[in-house]
Amino acid sequence: MRMLPTYAPSIPVPNVQEMVRKEPAKIPDRYIRNDEDKPPINDMPHLSSEIPVINLSLLSTGETEELNKLDFACKEWGFFQVVNHGIAKEVLQNMKDATAEFFELPLEEKNKYEMPPDDIQGYGHAYVVSEEQKLDWSDALILLVHPSHYRKLKLWPSTPKGYREIINAYTKGVQKVGEQLLRAFSTIMGMDKDGLLALHKNLLQALRVNYYPACCRPDQVLGISPHSDTSSITILMQESDINGLQIRHNGGWVQVKPVSDALVVNVGDVIEILSNGKYKSIEHKAVTNQNNSRISYASFLIPQDDVEIEPLAHLVGSQRLMYKQVVYGEYVRSSMQRKMEGKAHTEIAKIET
Ligand code: OGA
Ligand code: NI
């Protein structure tokens with residue numbers, strides 16, 4: 001039998017959607033943030049419109065101007081939105097409709113896909129490692145979707161009808177977008193077009209669907225704690241009319257307002273390490289809303305477990321070497337053994353000054 005990759009387990013915690021359904025006015029202590037983590041009143045909404053918007057079809061034909069834009073976005077923001085990505089509207093909409101239906105199912109039905117105690121795939125919560133840590137105001141469905149022989153299909157919901165095929169179609173589209181983006185990244189990082197894809201050996205995709213229930217006190221809780229992604233890049237679809245995602249910028253937090261049919265892309269830790277810090281894996285978090293639940297779809301594109309990641313010599317040049325070599329599988333598993341806490345998990349790859 002083929003060995004499937006396993007990941008670090010997470011401690012079981014209550015289902016937030018169910019908790020809110022039963023007692024919408026109650027917020028248990030475990031969810032109330034310490035003052036320094038409470039969402040600030042001013043999240044610099046005026047800067048949202050400056051987050052770069054990149055046209056993937058121009059990027060893929062190698063337009064210099066678009067490649068320069070990508071370089072700027074990765075240096076200055078670590079985040080950008082992608083339009084003209086080529087995934088059919090219908091594919092995006094089907095994913096949103098079927099997922100909304102899934103989360104509306106009774107808990108017993110969703111728990112058929114409950115995360116097993118020794119894994120982080122399935123319906124549940126990740127990165128819970130102690131009874132004391134503050135918890136996120138969200139539930140998630142996490143699946144390793146690519147390559148397809150890594151799939152644990154017993155954790156893939158078969159209700160609503162056709163959901164598995166819909167997830168397959170959506171993540172196939174995302175995979176293509178990811179490959180095109182990595183070709184463009186190879187170019188701006190001074191490699192052959194297929195350099196980064198070759199370095200990954202196999203481009204894996206893990207999907208994390210986040211469900212953030214409405215919260216009566218959005219100023220007290222966080223939907224997802226501040227963190228940077230351990231991926232190479234992350235491709236995120238958000239709902240078209242509900243804010244939630246915020247990113248670190250100039251010491252504050254900036255909302256990533258949804259752009260219609262666009263996908264949000266961010267640089268992950270792998271690209272930060274490979275580029276010796278030129279491109280930044282920026283900290284981000286999600287806040288909740290008082291009247292609306294929100295669903296987001298994060299696809300993490302990652303290298304094969306045995307890939308060794310270290311700064312590319314030609315990008316280090318005469319600069320100080322910032323990171324040491326890490327084996328990707330060890331890096332990602334060590335990050336899962338701690339709670340999400342900004343960029344603390346990246347320390348194991350850093351060279352002390
Ligand atoms: C994530 C994430 C942000 C969001 O799942 O890693 O950062 O808007 N999600 O849900
Ligand atoms: Ni993230």
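Under full-length UniProt numbering, think of the first position of the sequence shown as 1, with each following residue one higher. All C-beta atoms in this analysis are idealised placements derived from N, C-alpha and C, irrespective of residue type, glycine included. Remember, it's a predicted structure, so these values are computed and weren't measured experimentally.
Just the Cα atoms here: how many angstroms apart are residue i and residue j?
{"i": "V177", "j": "E114", "result": "29 Å"}
{"i": "R151", "j": "P116", "result": "15 Å"}
{"i": "T346", "j": "Y331", "result": "8 Å"}
{"i": "A298", "j": "K339", "result": "18 Å"}
{"i": "T234", "j": "F300", "result": "5 Å"}
{"i": "P52", "j": "E108", "result": "42 Å"}
{"i": "L144", "j": "H227", "result": "20 Å"}
{"i": "E101", "j": "P160", "result": "7 Å"}
{"i": "N266", "j": "V128", "result": "24 Å"}
{"i": "S225", "j": "I188", "result": "31 Å"}
{"i": "H85", "j": "T64", "result": "18 Å"}
{"i": "S158", "j": "R164", "result": "6 Å"}
{"i": "Q17", "j": "P5", "result": "29 Å"}
{"i": "A344", "j": "K75", "result": "20 Å"}
Measure the beta-carbon distance from residue i to residue j and round it to whole angstroms, keeping in mind my assumption that it falls under 8 Å.
{"i": "P45", "j": "Q255", "result": "6 Å"}
{"i": "R183", "j": "K193", "result": "5 Å"}
{"i": "P258", "j": "E239", "result": "7 Å"}
{"i": "D229", "j": "D269", "result": "7 Å"}
{"i": "A349", "j": "I295", "result": "Between I295 and A349 the Cβ distance is about 32 Å, and since that is not below 8 Å, they are no contact."}
{"i": "D306", "j": "G342", "result": "About 28 Å; that fails the 8 Å criterion."}
If you run the structure through DSSP and keep just helix, strand and coil, what is residue i?
{"i": "N68", "result": "helix"}
{"i": "Y113", "result": "helix"}
{"i": "G124", "result": "strand"}
{"i": "K26", "result": "coil"}
{"i": "H146", "result": "strand"}
{"i": "N168", "result": "helix"}
{"i": "K75", "result": "helix"}
{"i": "L182", "result": "helix"}
{"i": "H85", "result": "coil"}
{"i": "residue 359", "result": "There is simply no residue 359 to check, as the chain begins at 1 and stops at 353 in what is shown."}
{"i": "R248", "result": "strand"}
{"i": "V20", "result": "helix"}
Beta carbon of residue i, beta carbon of residue j: below 9 Å?
{"i": "P147", "j": "S232", "result": "no"}
{"i": "L263", "j": "L222", "result": "no"}
{"i": "L312", "j": "N276", "result": "yes"}
{"i": "A8", "j": "R333", "result": "yes"}
{"i": "S293", "j": "Y170", "result": "no"}
{"i": "P40", "j": "G252", "result": "yes"}
{"i": "R33", "j": "V13", "result": "no"}
Using a Cβ cut-off of 9 Å (strictly closer), state whether residue i contacts chain C.
{"i": "M95", "result": "No chain C appears in the structure shown, which is made up of a single protein chain."}
At what residue ranges does the stretch 281 to 341 contain a whole run of the beta strand (DSSP E), taking only runs of 3 or more? 284 to 286, 294 to 302
Please specify which runs of the alpha helix (DSSP H), each continuous and at least 4 residues long, are wholly inside the stretch 206 to 238, giving them in chain order. none
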